[in-house]
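Here is the structure we will look at.
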Amino acid sequence: MSIFSRWREGLSRTSKSALGQIASILGASEINDETWDELEMILIQADLGIDTTTSVLDTLKRLTRTEGWTRSNELFSALKQELRTRLITPPSLSFTEKPAVILVVGVNGSGKTTTIAKLASLYHASGHKILLGAADTFRAAAVDQLQVWGDRLNIEVISGAPESDPGAVAFSAVQAGVARGMDIVMVDTAGRLHTRFNLMEELKKVNRVVGKALSGAPHHVWLVLDATTGQNALHQARSFKDAVNVTGVILTKLDSSARGGMAFAIQHELGLPILYAGLGEKPEDLMPFNPDAFVDGIITSN
Ligand SMILES: Nc1nc2c(ncn2[C@@H]2O[C@H](COP(=O)(O)OP(=O)(O)OP(=O)(O)O)[C@@H](O)[C@H]2O)c(=O)[nH]1
Ligand SMILES: [Mg+2]
């Protein structure tokens, strides 16, 4: 099965539950209060969040007045368009710095290490020289996990002793990346709850230390969010954005999500682009996020 059909499959799971009902609600009936109530309920169930939902509905109500729409199916394409405008077209990534340093952050189990392996495989295949830094010194198995991926892809992994300072490992990795003329250094960090003050302070330190190893680094800070966590992902994103300069989001486990609407909220409320979508556990199960395909995939007419 191609990654595109898996992507569609993942998205159709999203569309099956919440957003998938939109087509049946927006039938040929007359637009009335019930239409708006039902639409609101669906958007909230799909994890768009109250603010984004309200803003989408306000725009649709205004359009309905100005365009003189009376049938609810007239709302369908406007809704898709409205949702699309809430997704930022991801910037193209060129990695001109030598090396470009990417710091990967997120809560426990969101998919950071797996995503790094997938990205390493992707960038390796496009001819980039990659080095990985295993700055998750918190969990004993974490270094091994990255090392297994490194061995499989024939990519070097810089690690420290268990429970050593994550900042020191990140520093060594970036330093080694510079010395060896690497194109990209990706630094894996330990999962941390966004509500834990000390752990967020530690992350700020890793971020600072990387900048000492190479001025201007990290050039990218990518926040890995699990698509199945719904609205909580928004709180996570906000906290990580406050702590370190998050430049983009990677949405993982879209293959297991039945909602996915927080993609709109993340971008609408935080202004962060979604760069990649994770659709499974294997290295090839990652693809650049395509906003048009996303909206087309999750809202389909019956
Ligand atoms: N279905 C699915 N599973 C995924 C995806 N990405 C990661 N996983 C799984 O999620 C689990 C956690 O992945 P990890 O990469 O270890 O997550 P992590 O963020 O590094 O975890 P910690 O380092 O413990 O914080 C693993 O079982 C992965 O195989 C995805 O896109 N789809
Ligand atoms: Mg990990």
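Numbered according to our numbering, the sequence shown terminates at residue 303, and the numbering increases by one at each position without gaps.
Think of the CB as a built atom: it goes at the ideal place given N, C-alpha and C, for glycine as much as any other residue.
Asked, Found
"On the three-pair Cβ rule with 8 Å, is the region 110-126 touching the region 276-288?", "yes"
"Cβ of residue 215 within 8 Å of Cβ of residue 179?", "yes"
"Would you please state the rounded distance, in angstroms, between the beta carbons of residue 48 and residue 262? I believe it to be under 8 Å.", "4 Å"
"Pairs of beta-carbons, one from the region 225-237 and one from the region 148-160, closer than 8 Å: are there three or more?", "no"
"Is residue 104 closer than 8 Å to residue 188 when the C-beta atoms are compared?", "yes"
"With a threshold of 8 Å, are at least 3 pairs of Cβ atoms found where one atom belongs to the region 73-89 and the other to the region 291-301?", "yes"
"On the criterion of 16 or more Cβ atoms from any shown chain inside 10 Å, does residue 164 qualify as buried, or is it exposed?", "exposed"
"Nearest to residue 26 by CA position, among 77, 46 and 246, is which residue?", "77"
"What are the partner residues of residue 157, as DSSP defines its beta bridges?", "132"
"Pull the bridge partners of residue 253 from the DSSP assignment, please.", "227"
"Which residue from 182, 265, 170 and 9 puts its Cα closest to that of residue 203?", "170"
"For residue 192, is the beta carbon positioned less than 7 Å from some heavy atom of ligand 2?", "yes"
"Give the list of continuous alpha helix (DSSP H) stretches no shorter than 4 residues that lie fully inside the region 75-115.", "77-86"
"Quick one: measure Cβ to Cβ for residue 175 and residue 205, integer angstroms, because I've assumed they're closer than 8 Å.", "The Cβ separation is near 16 Å, so there is no contact."
"Please tell me whether residue 21 and residue 255 are closer than 8 Å, where the distance is taken between their beta carbons.", "no"
"When you measure from the CB of residue 1 to every non-hydrogen atom of ligand 1, does any distance come out below 7 Å?", "Within the shown structure, residues of the chain are numbered from 2 to 303, placing residue 1 beyond reach of any answer."
"In chain order, what residues of the same chain lie with their CB nearer than 8 Å to the CB of residue 94, ignoring the 5 residues before and after it?", "221 and 276"
"Just tell me which of 172, 190 and 129 has its CA closest to the CA of residue 147.", "190"
"State the CB to CB distance for the pair residue 184 and residue 100, rounded to an integer number of angstroms; the pair is presumed to be in contact (CB under 8 Å).", "6 Å"
"Is the separation between the beta-carbon of residue 131 and that of residue 268 shorter than 8 Å?", "no"
"Tell me residue 190's beta-bridge partners as DSSP assigns them.", "136"
"Using three-state DSSP, classify residue 72 as helix, strand or coil.", "strand"
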